[in-house]
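Asks: All residue numbers for the sequence shown refer to my numbering, where the first residue is 393 and numbers rise by one.
Structure below; questions to follow.
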Amino acid sequence: MAKSKSRGKKRTTQNRDQELIVIDEQAGLIFESEKELSAYFQSYIDTLEVEYQEQRSEDDYSDEEQLVLEEFLEPTLDEPDEVWRDDSTFRDLVTHLFIREFAEFSYVVVAYLSSDDDEPTFVLTHFPTKSPDLVESYRRGELIYDQKYERVQTAAVDGDALSEGDPLAMGLYISMLKVRSEKDIHENDFQKFADQREETIESPDEIWRKTDMDGNILVSFIREVPDHLVKELTYVAVAQEESEGGVHSLLFSFPSTDRTLVDRYRQGENLQAEEVVQENSH
393 MAKSKSRGKK RTTQNRDQEL IVIDEQAGLI FESEKELSAY FQSYIDTLEV
443 EYQEQRSEDD YSDEEQLVLE EFLEPTLDEP DEVWRDDSTF RDLVTHLFIR
493 EFAEFSYVVV AYLSSDDDEP TFVLTHFPTK SPDLVESYRR GELIYDQKYE
543 RVQTAAVDGD ALSEGDPLAM GLYISMLKVR SEKDIHENDF QKFADQREET
593 IESPDEIWRK TDMDGNILVS FIREVPDHLV KELTYVAVAQ EESEGGVHSL
643 LFSFPSTDRT LVDRYRQGEN LQAEEVVQEN SH
């Protein structure tokens, strides 16, 4: 099953007698035919195919099923969840790995990027997979784009773990976004309420501590803001408690008018304010 694909620009020669395929003009990768183009990348394609087949499980998508799902190639390139720059798999070729998660599978694309405009101009291989382990093996090199990180930065406040791209903070924050009411304060407006954070931590109405399924000790500071222009406003700050010393590192915080959402943070043990030791950040 052929998995390589040219996305290069077509250009006609000056005397208009030949059409060229431009993959990377700056690097001199201009080809007279698809055959010549494929031959240039063939050794890299073969290496990637061997790697894929060695890791592919029997219950993953068949070649026929992959053809049906090939329509997800372009959306993965256009709007990836992650992009990794890999300069170690091949000594003389830098590739970029595009990964996107869909409802029932993930899609992985290994592509060559033009040095002219950083656009993927040649796909060396691509495939859908049900296997998280297979996807993980393609997270290599340098992570240069993370859609989750880009999204959470609208709500990150100086000093919290969210602003540093902490995986726990990002995961909890995105989980919160999935269950909140559509009528709640829009995440793009969270920064307008950031001045409520310190008072919520210093003078909370409630403090709740719980241990999640991964063993993380989470502490939620909750404070109602009765005199705000936004009616029924509550501010929540979520911290992680270190197992030794009881120091709390702030993960993220947010405003809300959704009582059901706020109730989700009233779980576990109800603490008194004097029991808590606070640290500004990691």
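Backbone N, C-alpha and C fix where the C-beta goes; we use that ideal spot for every residue, glycine too.
A quick note: this is a predicted structure, and the numbers were derived from the prediction, not measured.
Mapping the DSSP letters down to three states, classify P596 as helix, strand or coil.
Replies: coil
Asks: Report back the beta-carbon spacing between W600 and R658 to the nearest angstrom; my notes put them in contact at under 8 Å.
Replies: 6 Å
Asks: According to the neighbour-count rule (16 or more other Cβ atoms, all chains shown, within 10 Å of its Cβ), is F497 buried or exposed?
Replies: buried
Asks: Within this structure, are the beta carbons of V502 and T487 separated by less than 7 Å?
Replies: yes
Asks: CA-CA distance, S673 and S435?
Replies: Confidence is the limiting factor: at S673 the pLDDT is only 43, short of 50, which leaves the residue's position unreliable, though a coordinate-based value still follows. Going by the C-alpha atoms only, they are around 48 Å apart.
Asks: For my contact list, T592 and Y565 are in at a C-beta cut-off of 8 Å; report their separation, rounded to the angstrom.
Replies: Not really, about 16 Å apart at Cβ, beyond 8 Å.
Asks: Identify whether H674 lies in helix, strand or coil by the three-state DSSP scheme.
Replies: The predicted model places H674 with a pLDDT of 42, which falls under 50 and marks its position as unreliable; any figure quoted below should be read in that light. Three-state result, H674: coil.
Asks: Per DSSP, what kind of secondary structure is D552 in: helix, strand or coil?
Replies: If DSSP states are grouped into helix, strand and coil, D552 belongs with coil.
Asks: Quick test of your reading: D452 and T521, contact by CB under 8 Å. State the CB separation rounded to the nearest angstrom.
Replies: 6 Å
Asks: Counting pairs of beta carbons, one from the stretch 524-533 and one from the stretch 407-421, are three or more of them closer than 8 Å?
Replies: no
Asks: First and last residue of the beta strand (DSSP E) that includes V500?
Replies: S498 to L505
Asks: Which class does Y453 belong to by DSSP, given the choice of helix, strand or coil?
Replies: Of the three classes helix, strand and coil, the one that applies to Y453 here is coil, per DSSP.
Asks: When you compare the CB positions of D508 and Q418, do they come within less than 7 Å of one another, or not?
Replies: With contacts defined as CB atoms closer than 7 Å, D508 and Q418 qualify as a contacting pair.
Asks: Figure out for me which residue from Y444, L526 and S612 has the closest Cα to the Cα of E677.
Replies: Here the chain comprises residues numbered 393 to 674, so residue 677 is not present and cannot be evaluated.
Asks: In this structure, what does DSSP give as the bridge partners for I609?
Replies: T603 and E633
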